[in-house]
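Per the UniProt record's numbering, the very first residue in the sequence shown carries number 1; after that it's consecutive. Even for Gly, the Cβ is constructed at its ideal location relative to N, Cα and C. Please read these numbers as outputs of a predicted model, since none were measured by experiment.
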Amino acid sequence: MTGISAVTAMTIRGLTVQLGRAPVLHGIDADIPAGGLTALVGPNGSGKSTLLGSFTGAAARRTGQVLIGDDDVLRMRPRERARRIGVLPQEADLAPELTAAELVELGLTATRRRRWAQDAGRETRATVDRALHRAGALPLAERMVHTLSGGERQRVLLARALVADPEILVLDEPTNHLDLAHQFDVLDLATSGDHTVIAALHSLDLALQYARHVIVLRDGRVAAAGRPDQVLSERLAREVFRVDGRVVAGRPDARDHFLVSPLR
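Okay, structure coming up:
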């Protein structure tokens, strides 16, 4: 496992988010290292999706700072935020009348002014095709969205998140509803580039295998943060997730695993 980069892609300070009258996140402080995958893990209701939503402007009532360099994400114009942060949402409403390529092209509209359509053409299609290729979805370009399987749909949505070449990728439970093989496929593809990736994951095993940094949330607060091999432990599994858990060493040519079982 590599050490944490000295370069920070995102700095979070004093982030508090309210839904209605109730605070969901309480004064979150965290540093997201540049490059590789930072995994957000925690029980249901711990605030993972709310934290990711605050990066993309989805959380309305919030205080604190979310900085990319010296720029506060919470104060960015939507177009600037969309250019710098690509998003693969947990649930996406997909227009069934679109092809996969047309859906990916929509990822460019949020980053360009209205007159961008006047310049659409070969350059735009080449950009879309590059994103589809990076996501392993180029053969799906002309398929109608409603005909895609779950794994195919996630690859196309990943291409949409990549198409504007953002600095940071935000993935909200990208392995949700996918079979085991497609879970690995999506995470392999998402982490294959130079982007900083922030992903909410349910699986501690996937977090251990893929992440270089992990942030554990509990009741809207940071319970632990650091390298997965240092943070993910039997004690953490019991105290935060209420399961038995342990690290099992993989073969010399394979990653370690984090196995869980019911608390006895």
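Since residue i and residue j should fall inside the 8 Å C-beta cutoff, what is the C-beta to C-beta distance between them, to a whole number of angstroms?
i	j	result
V66	S54	6 Å
D29	G14	7 Å
residue 319	A159	A query on residue 319 cannot be resolved here, the shown segment of the chain reaching from 1 to 264 and no further.
H26	R221	5 Å
G57	V24	Wrong, their Cβ atoms sit about 16 Å apart, outside the cutoff.
Classify residue i as helix, strand or coil using the three-state DSSP reduction.
i	result
Q90	coil
V186	helix
S49	helix
T175	coil
T99	strand
L19	strand
L37	strand
H26	strand
G69	coil
D219	coil
G64	strand
R130	helix
V163	coil
I4	Bear in mind that a pLDDT of 44 at I4, under 50, signals an unreliable position, so the model cannot answer this.
R143	coil
G151	helix
A225	strand
Exposed or buried, which one is residue i when buried takes at least 16 other CB atoms within 10 Å?
i	result
L169	buried
P89	buried
R153	buried
E239	exposed
D93	exposed
H177	exposed
One question on the structure: do residue i and residue j come within less than 8 Å of each other, judged by their Cβ atoms?
i	j	result
A199	P228	no
R79	V17	no
T147	G36	no
E167	T196	yes
L236	A224	yes
A137	V163	no
Based on the DSSP output, what are the partners of residue i in its beta bridges?
i	result
R258	Residue identity differs from the one stated: residue 258 is Phe in this sequence, not Arg. Beta-bridge pairing links F258 to V247.
V169	Per the sequence shown, residue 169 should be read as Leu rather than Val. Paired residue(s): G86 and V197.
H213	T38
T11	D31 and L67
So with Cβ pairs under 8 Å, would you call residue i a contact of chain C?
i	result
T38	You won't find chain C in this structure, because it holds only one protein chain.
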